[in-house]
Each structure stands twice: as C-alpha cells, then as structure tokens.
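In the working numbering, the protein residues as written are 23 to 267.
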C-alpha cells in the first residue's frame, strides 16, 4: 500500500529538519536535511511506494528489485547531500523473494537511461532499514545486488564513454565488506595523475562516487582515454573510460 505525508513539508533555507513518514508500522522513512540545503523556502512531499517496477533483467541482470521505495518531490533540488533512511518489514522481503539483507542497497531511477543507479548505502539488517546519501530527489527503490563480484571485480563503472561538457559523468560503484582506506584517482593516457575522485576512510557498505571529467584544478579534461585507479582493502583495479566532446 502506498502512503504519503498529508501535506508537503515547508523547509526554510537555513532550517535544519528531520522529516519522518510513517504508517504506524515499522515502515518508517526519514529524511535528514541540514541547514543551507536549499536557497529558498522549499516544499517537500514524500510518498512510500510498494509497487515499483523492478530492474530490467536484460539491462541490469545483477539487480533484483523489491518493489519497495519512496518518491521524493520538491519544489527545488537540494544543494547539499541529504541522508535518507528507508525501513521495511520482513514480510515485504519475503514477498519479494529476498533472503540476504546484507546485499540490499538504495537505488535511484534514472529517467534518461530507464535504469536504477546504485547509491552509497549502508544496510542495517538488525533494524530492517537502509541508510543512503542522495544528491537529488527522485524515485528510489530498495534493490538487492544478486551477484557479488569476486576479488578484483568488486568495482563497476557506469557511463564509461561520456561528454563532461554536456553534464555527463562517470559513476564508480563498489562494495566494502569491512571498513578501510579507499583511493580513487584518475590518470591520463601517459600515466600522469590528473585528478582525485576520493581519498579517505570509509565504513562497510555500498558506495557510488562520481568523476565529472575534471582535473584537480576543476578544469574539464581534453577528449581521450583516461584510467581510473580504484584501491580498496584487498582490491586494486584499473578501469578505462573515454571522454568525448
């Protein structure tokens, strides 16, 4: 059953707010919004969904949908990341044929590609919830990653051929089975390091980082072949991407 907040919630530019949506069951939705997330007063409406379309088995064979998710609508998009917590029940997972909660992630539906994009997510099976960070409001669904890659294959690159000038970007998705240091850097075809996507420590969970086709000076790089080096605890891998203009 779908249910929503009776009215949209108003959030002022400098307001810090936690929005909680609940049907009176364990199926709670929470949005944690920090001050300065919006430049003007914004109306947010949240609807919990239980009838979402699942990933296309041909285009995304390693993803299995649960049909459980939320639609977040706002008069303006956030300027800062928003933390979303989505809860579910054991009965819902059983109905969806899900048996392993540690493989659950939150994904955003991309209207352009008609695909579900995995978000940086942390499943908490003991509490029947997933916590994720989102950069834009959209349609979200709880998804199961059905095939965990083997060592050396724990990184997936989305949109390997892209045009930064058109706003396109490369997504780097990976899973950490334990906390540790992560390094993602970009090299040009001559082996020179030209950009850093991420460098720091992260906890156990599923992550998605973006390279926007820019160097460390925030300049858009020239067209050509680039190598993205990803190092996580126990895994070192290089992925090739192509910048076109």
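The beta carbon of each residue, even a glycine, is placed where N, CA and C say it ideally should be.
Asked, Found
"Exposed unless 16 or more other CB atoms sit within 10 angstroms - verdict on residue 80", "exposed"
"Closest Cα partner of residue 99 within the set 121, 135, 82, 65", "65"
"Where residue 198 falls: helix, strand or coil (DSSP)", "strand"
"Distance CB(residue 213)-CB(residue 238) smaller than 8 Å", "no"
"Beta carbon of residue 152 nearer than 8 Å to that of residue 104", "no"
"6 Å CB neighbourhood of residue 253 in its chain, flanking five on each side removed", "205"
"Cα-Cα separation, residue 132 to residue 159", "11 Å"
"Cβ separation of residue 267 and residue 249, assumed to be a contact under 8 Å, to the nearest whole Å", "Wrong, their Cβ atoms sit about 19 Å apart, outside the cutoff."
"Residue closest to residue 69, alpha-carbon to alpha-carbon, out of 44, 219, 61, 184", "44"
"Whole runs of the beta strand (DSSP E) within the region 100–158, excluding any shorter than 3 residues", "104–109, 126–132, 137–140, 143–146, 151–156"
"Bounding residues of the beta strand (DSSP E) (the contiguous stretch that carries residue 162)", "161–167"
"Simplified DSSP assignment, three categories, for residue 187", "helix"
"7 Å Cβ shell around residue 242 - same chain, five flanking residues per side excluded", "186, 187, 235, 236"
"Residue 74 (DSSP reduced to helix, strand or coil)", "coil"
"Nearest-angstrom Cα separation, counted from residue 108 out to residue 49", "8 Å"
"Supposed contact pair residue 129 and residue 162 - C-beta distance, whole angstroms, cut 8 Å", "7 Å"
"Contact belief for residue 138 with residue 77 at Cβ below 8 Å, rounded distance in angstroms", "5 Å"
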